[in-house]
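The opening residue of the sequence shown carries number 1 in the UniProt record's numbering; numbering runs sequentially from there. Quick reminder that beta carbons are idealized off the backbone N, C-alpha and C, glycines included. For clarity, every value in this text was computed on a predicted model and none was experimentally measured. Structure first, then comments.
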Amino acid sequence: MADRYEYKVVEIREKMIGGKMSGARLENVLNDHAAEGWRLKAITTAEVKGRLGPGGVEGVLVTFERKVG
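Given below as structure tokens:
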């Protein structure tokens, strides 16, 4: 039987429009999820929904995977 996996996608964006993505913030997200058994699958840049108004801000989508069972 083939291995089964589950996936989790996390949006990371800066709080301010035009703000730069913090490497330390990304590192914390990666380490927190690794401690729960998640493994990094992909990082994709994207325009993610901002808190104010209809537009988005630059951010990343971080995809994790881990074996089920």
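Inter-residue Cα distance where the pair is residue i and residue j
| i | j | result |
| --- | --- | --- |
| R4 | A34 | 18 Å |
| E6 | G23 | 26 Å |
| R66 | T44 | 18 Å |
| V10 | G37 | 15 Å |
Environment of residue i [buried if 16+ CB atoms lie within 10 Å]
| i | result |
| --- | --- |
| V68 | exposed |
| R13 | buried |
| V62 | buried |
Integer-rounded CB distance, given that residue j should sit under 8 Å from residue i
| i | j | result |
| --- | --- | --- |
| G59 | A42 | At roughly 14 Å, the Cβ-Cβ gap does not stay under 8 Å, so G59 and A42 are not in contact. |
Beta-ladder partner(s) of residue i, from DSSP
| i | result |
| --- | --- |
| K67 | Y5 |
Beta-carbon proximity check, residue i vs residue j, cutoff 8 Å
| i | j | result |
| --- | --- | --- |
| F64 | L40 | yes |
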